[in-house]
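In this note's numbering, the protein residues as written are 1 to 915.
No residue lacks a Cβ here, since even glycine has one placed at the ideal position from N, Cα and C.
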Amino acid sequence: MSKTHIITIILFIVNFLSSCDSTHEKKDSISIGFSQIINNDMWRKSMDHAMKVEASLHPEVKLTIYNADREVKKQIQDIEKMIEQDMDVIIIAPYESDSIVPVIEKANLKGIPVIIVDRKVNTSNYTAFLGADNIEVGRIAGKQIVSLSKGRANVVEIRSESVTSPGTERSLGFKQIIDQFPDIDRISIDADDFNSTNSKYVKILDSIPNIDYVFAFNDVIAYNAWKISKKKKPNNKIKFIGVDGLNVPNGGLQFVKDGILTATVLYPTGGAEAIKLALRISNKEIVPKNNKLNTTLIDSLNAEIMSSQFDKISLQQSDIENQQNFIKDQLEKYSSQRNLLKISITLSLLLFLFAAHSIYSRIIISKKKKELEKTNAKIISQRNEIEKFAEQIKQSNENRLNFFTGLSHEFKTPITLIMSYVESLIENKKIKETKLIDEVKLIHKNSNRLLRLINQLLDFRKIEEQKFTLKASNTKIYDFTNEVMSNFKGEAARRNIDFKLICKNKKLELFIDKELMDKVYFNLLSNAFKFTPDNGKISISITESQDNTVKIGFKDSGIGIPEEELDTVFSPFFRASNNDKNSSGIGLHLSKEFVLLHHGTIELKSKHGSEFVITLLKGNSHLQTSEISNKLDVQNNFNNLITDNSDLDTDLDADFKEENLISESEKQSLLLIEDNTDLVYFLRTKLSNEYVVHTSDGSDAIEKATEIVPDIIICDINLVDKDGYEISTVLKKDLRTSHIPIIILTAQSNKESVLKGLQIGVDQYLTKPFSLSILKQSISSLLFNREKLRYYYTNNIYLVEAESRFGNQEQSFITKMNNMITMNIEDPKFSVEDLAEKLGISRVQLYRKVKVIIGINISDHINNIKLEKAAELLKANEINITEIAYSLGFSSSNYFSTAFKNKFGISPKEYKSNL
1 MSKTHIITII LFIVNFLSSC DSTHEKKDSI SIGFSQIINN DMWRKSMDHA
51 MKVEASLHPE VKLTIYNADR EVKKQIQDIE KMIEQDMDVI IIAPYESDSI
101 VPVIEKANLK GIPVIIVDRK VNTSNYTAFL GADNIEVGRI AGKQIVSLSK
151 GRANVVEIRS ESVTSPGTER SLGFKQIIDQ FPDIDRISID ADDFNSTNSK
201 YVKILDSIPN IDYVFAFNDV IAYNAWKISK KKKPNNKIKF IGVDGLNVPN
251 GGLQFVKDGI LTATVLYPTG GAEAIKLALR ISNKEIVPKN NKLNTTLIDS
301 LNAEIMSSQF DKISLQQSDI ENQQNFIKDQ LEKYSSQRNL LKISITLSLL
351 LFLFAAHSIY SRIIISKKKK ELEKTNAKII SQRNEIEKFA EQIKQSNENR
401 LNFFTGLSHE FKTPITLIMS YVESLIENKK IKETKLIDEV KLIHKNSNRL
451 LRLINQLLDF RKIEEQKFTL KASNTKIYDF TNEVMSNFKG EAARRNIDFK
501 LICKNKKLEL FIDKELMDKV YFNLLSNAFK FTPDNGKISI SITESQDNTV
551 KIGFKDSGIG IPEEELDTVF SPFFRASNND KNSSGIGLHL SKEFVLLHHG
601 TIELKSKHGS EFVITLLKGN SHLQTSEISN KLDVQNNFNN LITDNSDLDT
651 DLDADFKEEN LISESEKQSL LLIEDNTDLV YFLRTKLSNE YVVHTSDGSD
701 AIEKATEIVP DIIICDINLV DKDGYEISTV LKKDLRTSHI PIIILTAQSN
751 KESVLKGLQI GVDQYLTKPF SLSILKQSIS SLLFNREKLR YYYTNNIYLV
801 EAESRFGNQE QSFITKMNNM ITMNIEDPKF SVEDLAEKLG ISRVQLYRKV
851 KVIIGINISD HINNIKLEKA AELLKANEIN ITEIAYSLGF SSSNYFSTAF
901 KNKFGISPKE YKSNL
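Below, the structure is given as C-alpha cells:
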C-alpha cells in the first residue's frame with residue numbers, strides 16, 4: 001500500500017465525514033441587499049426590524065442592510081457595492097427621486113432585480129415598487145376631517161418633506177378631498193422647529209384664534225404640534241391627525257389611545273413584504289410592477305383593537321426570534337462536537353493506517369522487485385512476438401487479398417458461362433414462343449447482378465494496382481442519368497421516396513466513361529436508398545458552372561455522416577459510426593477513384609442527410625488521346641443489372657389473361673398481394689395451373705379483394721401503400737371478405753411478427769425462403785377446411801347461432817341474414833336486392849358470399865327457409881295448404897306444391913297426411 005493510497009483513503013474519509021454533516025448546507029443561499037436612507041427614525045427602524053425578522057424565517061436568505069444616514073452620495077456608494085457583490089436582489093428606500101436613477105439602471109442592465117420601497121424614483125427601469133398609496137393616505141385624513149367637522153372648519157396642513165413623492169402625493173390626496181368643501185379653509189406649511197419664535201406654525205397659532213384641525217404628515221410632527229399648541233393655548237380644542245400609526249412607545253397608536261391624537265393613518269413599513277417579494281423574484285416568479293400596501297384609519301374606536309393585534313404579532317415575532325437564537329446555539333454546540341468527533345476518528349484512522357503501512361511496505365517491496373524482473377523479461381519477449389506477428393499479419397493480408405481476387409475470377413468464369421448459355425436460350429426461337437422465356441430472362445438478370453458484385457471486388461484490386469484505363473465518349477449526361485435512375489424507380493415507388501432529377505439543359509454533353517460512371521452512380525444511389533428512410537427524398541441535380549465545369553449532386557434525406565468522419569469517408573473499408581447496415585466499405589473508395597480517372601473531383605456535404613457532389617470538366621481538352629473513345633453514345637447493357645422488367649410484365653399479363661379465360665370456370669380464385677415482380681411472376685406461373693391468379697402490389701389490394709371476392713389470399717407484409725397486417729385487418733373485419741382465408745408470406749420470421757399476424761386473424765403464416773410444396777399444401781388445406789365449414793353451414797343452416805365454436809363474422813352474417821329473411825317471409829315482394837340493401841352489401845357480393853359459405857345461391861336459400869317454415873305450419877295443422885302457400889309469399893299454390901315436393905320428395909298433402 002503506497003503513501004498515495006493512504007493519503008487518498010484519509011482524504012476520502014475526511015470528505016465523507018464532512019459531507020455527512022453538510023448535506024443540509026448545500027441549499028443555495030439568496031443574497032439580499034437593502035439600502036436604507038435614514039437611521040434615526042422610528043418608522044425606518046421598524047422597517048429594518050421587520051426585514052430582519054422575515055429574513056430569519058428563511059435560512060437560505062442572507063440579508064445585508066446599508067444605512068446612508070440621509071447622504072445621497074453614500075447611498076449611491078452602497079448600491080454600487082451591492083452591484084459589485086452581485087447580490088441576487090437589491091432593495092432600495094430612496095431619499096430623492098432623481099439622484100440614484102443612474103445606479104438603479106446600472107443594476108438593471110447587469111440583470112440584478114431592484115425593488116423600490118416607500119418613495120418613488122423617476123425611472124421605470126426597476127423590477128417592482130412596494131409601498132402604500134400616499135394619495136389615499138391624504139384622502140383618508142381629509143375624509144376624517146370632513147366627517148368630524150361636517151364640512152366647516154379651519155385646517156392646518158403640516159408637510160414633512162414636500163420634495164419627496166410621499167409628501168407630494170399626501171398633500172395632493174388631502175387637497176382633493178378638502179377642496180370639495182368651500183367652508184373648510186386649509187393652510188399648508190412645511191414642518192420646522194416649533195420651539196423657534198420664527199416657526200410658521202407658532203405664528204399661525206398666534207394669528208388665527210380658531211384652528212379646528214391639524215393634519216401632520218407623520219405622527220412625530222403631529223405630537224410636536226400638539227405640545228406647542230398646549231403650551232401656547234392650554235384650553236384649545238384643536239384636533240390632531242397624524243400618519244404612521246406605529247405600535248411602539250411614543251408611536252401614533254399610543255398617542256391615539258392617550259387622546260393626544262384624534263386619529264392617525266396607518267402607513268405600513270412593508271419590511272416583511274419586501275423580503276417576501278424579493279424571494280418571489282429570486283425564484284423566477286412573475287410579480288406585479290406596482291405592489292400596494294393596505295392602509296387604514298386608526299381612531300379612538302379601533303385603537304385598542306389594533307394595539308392588541310399588533311401586540312400579539314410582536315409577541316409572536318419575539319417568540320420566533322428566541323426560538324431561532326436557541327436553535328443557533330444548539331447548532332453551534334453540535335458543530336463543535338461534530339468537529340471533535342471527526343478529529344478523533346481521523347487521528348485514530350491515521351494511526352492505524354500508518355501502522356499497517358509500515359508492516360505492509362516491508363512485505364510488498366521484496367515482492368515488487370521480483371515481479372518487475374519477471375515483467376521486464378515478458379515485455380522483451382512480447383515485443384519480439386508482436387514484431388513477428390505483425391509481419392505475419394501483413395503477409396496474411398496480402399495472401400488473403402490475392403485469394404479473394406483469385407476466387408472472384410474463379411466465380412466470374414462459371415457465371416460468364418451461365419450467362420452465355422442463357423443468352424443463347426433467349427435467342428432460341430422455340431423458347432421465345434413459350435412462357436419459359438420469362439424464367440430464362442429472370443435467370444439472366446440475376447446473373448448480371450451477381451456478376452456486378454464480383455466485378456466490384458475485382459475493380460478494387462485493379463484500382464490498388466492502377467490497372468484502369470479511361471475510355472471516355474461524348475455522352476448526353478441527362479439521358480445517361482435518367483437511364484440509371486430508372487433502375488431505382490421501383491424501389492422509390494415501393495418506399496414512397498421522392499426521387500427526382502433536376503437539370504435545366506437536357507442536351508448537355510460530357511466526356512465520360514459510361515461503364516465507370518455507371519458504377520459511380522450505382523454506388524452513390526445504392527447508399528442513398530440504403531440510408532434514406534421511407535417517405536424520404538433523394539435527388540440528382542446537374543448544374544453548369546461559369547468555370548467550364550458541371551456539378552452533379554446526389555442528395556438524400558438520410559441519416560448523414562458524422563462531421564468528424566467526413567475526411568475518411570472515401571478511405572477503403574470505411575464504415576460510419578452511425579451505420580448499422582451490412583457494407584463492404586469499398587464502394588465510395590471506388591467511386592472516388594473512378595471520378596479521379598475523369599480528372600474530376602468528388603466531395604461530401606453532410607448536414608441534413610448527405611450530398612455527394614461530382615465536378616467534371618466540359619469538353620475533352622483535359623483528356624489524353626488514349627483516354628478518348630470514338631464510339632457513339634449507344635444504349636449500354638447496364639439496364640439489365642437491376643431492372644424491374646416492366647416491359648416483360650405487359651406480355652406476361654396477356655398470356656395469363658388468356659390462360660385465365662380458358663380455365664376460369666373450373667378453377668378457384670386466388671389473390672396474390674406482393675410487390676416483388678419476380679416473386680409475383682414465379683408464384684403466378686407455379687399456381688396458375690390450379691387457380692385463377694389475380695395480383696396486386698398492395699396499393700389496391702383491399703379494392704381488388706372486395707371486387708373479385710377470391711377464394712383465398714396470399715399476402716406479403718412489406719408493401720407499397722399499406723402493410724400486410726393492415727390489409728388483413730381490414731379484410732377480416734369487412735363483412736364482404738371476412739370469410740376468405742389469408743396466408744401471410746413474408747421474410748419476417750420473429751415471434752412477435754408471427755403472433756401479430758395470428759392475432760389479427762390470418763389463417764396461415766409462412767416465412768421466406770419457403771417451400772413451394774408447403775405453400776401449395778397450405779392453400780389446399782385451407783380451401784378444404786373452408787369446404788368442410790360450408791358443409792356444416794349447409795346441413796345446419798337453421799341451427800346456426802350468433803356465437804359458436806366456428807367463430808366471428810360468418811356466424812353473425814348467417815344469423816342476421818336468416819333473421820331478416822324470417823321477418824319478411826310473408827312479403828311476396830321481398831327480393832334479393834332488398835336483402836342485400838338491409839345487409840349493407842351489393843347484390844353481387846351477397847351472391848358470392850352466400851355461394852362461398854353455403855354452396856347454394858341466395859334465391860334457393862330463401863326458398864329453403866320458406867319451405868322449412870311451411871313444414872312447421874303443416875305439422876301445426878292450423879291452416880290449409882293454400883293459406884300456407886300465400887302466407888309464405890308463394891305466387892300460387894301449384895308453385896308451392898312443386899317447390900315443396902322438390903325439397904322433401906313428397907307433396908304438401910302427402911306430407912300432412914303422413915303426420
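Ends of the alpha helix (DSSP H) at residue 904? 893-904
For residue 744, the nearest candidate out of 732, 295 and 766 (CA to CA): In this structure, 766 is the residue among 732, 295 and 766 with its C-alpha nearest to the C-alpha of residue 744.
Would you check if the region 209-225 and the region 137-149 touch, i.e. whether three or more CB-CB distances between them fall below 8 angstroms? Cβ pair count under 8 angstroms is three or more, so yes.
Specify whether the region 257-264 and the region 235-243 touch according to this definition: at least 3 beta carbon pairs, one from each stretch, less than 8 angstroms apart. yes
Confirm, please, whether the CB-CB distance from residue 699 to residue 721 is below 7 angstroms. yes
Do residue 475 and residue 443 have their C-beta atoms within less than 7 angstroms of each other? no
Identify whether residue 128 lies in helix, strand or coil by the three-state DSSP scheme. strand
How many Å lie between residue 502 and residue 542 at the Cα? The alpha-carbon atoms of residue 502 and residue 542 are separated by roughly 6 angstroms.
So which of 159, 196 and 246 has the shortest CA-CA distance to residue 228? 196
Beta-carbon spacing of residue 683, residue 594 below 7 angstroms: no
From which residue to which residue does the beta strand (DSSP E) around residue 744 run? 742-746 is the span of the beta strand (DSSP E), which, as asked, contains residue 744.
Whole-angstrom Cβ separation of residue 29 and residue 54, contact assumed at under 8 angstroms? Between residue 54 and residue 29 the Cβ distance is about 16 angstroms, and since that is not below 8 angstroms, they are no contact.
Grab me the residues of residue 869's own chain with a C-beta within less than 8 angstroms of its C-beta, minus the 5 sequence neighbours each way, in chain order. 822, 825 and 888
Residues of its chain near residue 696, where Cβ-Cβ distance is below 6 angstroms and the 5 sequence neighbours each way are ignored: 673 and 704.
Could you check where the beta strand (DSSP E) with residue 608 kicks off and where it finishes? Element bounds for residue 608: n/a, residue is neither H nor E.
Give every residue of the same chain whose Cβ lies closer than 8 angstroms to the Cβ of residue 915, excluding the five residues on either side of it in the sequence, and list them in chain order. 874, 875 and 877
How far does the beta strand (DSSP E) with residue 293 in it extend, from its first residue to its last? 290-293
Assuming the contact rule is C-beta atoms closer than 8 angstroms, residue 79 and residue 100 should be a hit. Round their C-beta distance to whole Å, please. 7 angstroms
Go ahead and pull the three-state DSSP assignment for residue 624. coil
Contact set for residue 904: own chain, Cβ-Cβ below 8 angstroms, skip 5 residues either direction: Correct list, in chain order: 867, 871 and 911.
Buried/exposed call for residue 223, threshold 16 Cβ in 10 Å: buried
Rounded straight-line distance, which links the Cα of residue 252 to that of residue 917: Because the chain spans 1 through 915 in this model, residue 917 falls outside it and cannot be assessed.
Measuring only the C-alpha atoms, how far is residue 675 from residue 554? For residue 675 and residue 554, the distance between alpha carbons rounds to 27 angstroms.
Limits of the beta strand (DSSP E) - the one that residue 153 falls within: That run of the beta strand (DSSP E) goes 153-159.
Contact between the region 170-177 and the region 102-115 is defined here as three or more beta-carbon pairs at a separation below 8 angstroms; is this criterion met? no
Taking only three categories from DSSP, how would you classify residue 356? Residue state for residue 356 is assigned as helix, using DSSP reduced to three classes.
Proximity winner among 608, 756, 733 and 780, relative to residue 691 (alpha-carbon distances): 780
With distance defined between alpha-carbon atoms, name the residue in 376, 713, 277 and 301 nearest to residue 292. Minimum Cα distance to residue 292 is reached at 277.
Just to confirm before moving on: does the CB-CB distance between residue 713 and residue 671 stay below 7 angstroms? The Cβ atoms of residue 713 and residue 671 lie closer than 7 angstroms to each other.
Would you grab the beta carbon distance between residue 497 and residue 531 for me? Rounded to a whole angstrom, and I think it's under 8 angstroms. Not really, about 12 angstroms apart at Cβ, beyond 8 angstroms.
Smallest Cα separation from residue 133: which of 104, 269, 597 and 814? 269
Whole-angstrom C-beta distance between residue 477 and residue 451, which should lie under 8 angstroms: At roughly 26 angstroms, the Cβ-Cβ gap does not stay under 8 angstroms, so residue 451 and residue 477 are not in contact.
Which value, in whole angstroms, describes the spacing of the CA atoms of residue 800 and residue 895? With a pLDDT of only 47 at residue 800, under the threshold of 50, the placement of this residue in the model should not be trusted; the figure read from the coordinates follows. Spanning the two alpha carbons is a distance of roughly 28 angstroms.
Run of the beta strand (DSSP E) containing residue 510, from where it starts to where it stops: 509-512
DSSP on residue 478, reduced to helix/strand/coil? helix
Would residue 51 and residue 271 be called neighbours here (beta carbons separated by less than 7 angstroms)? yes
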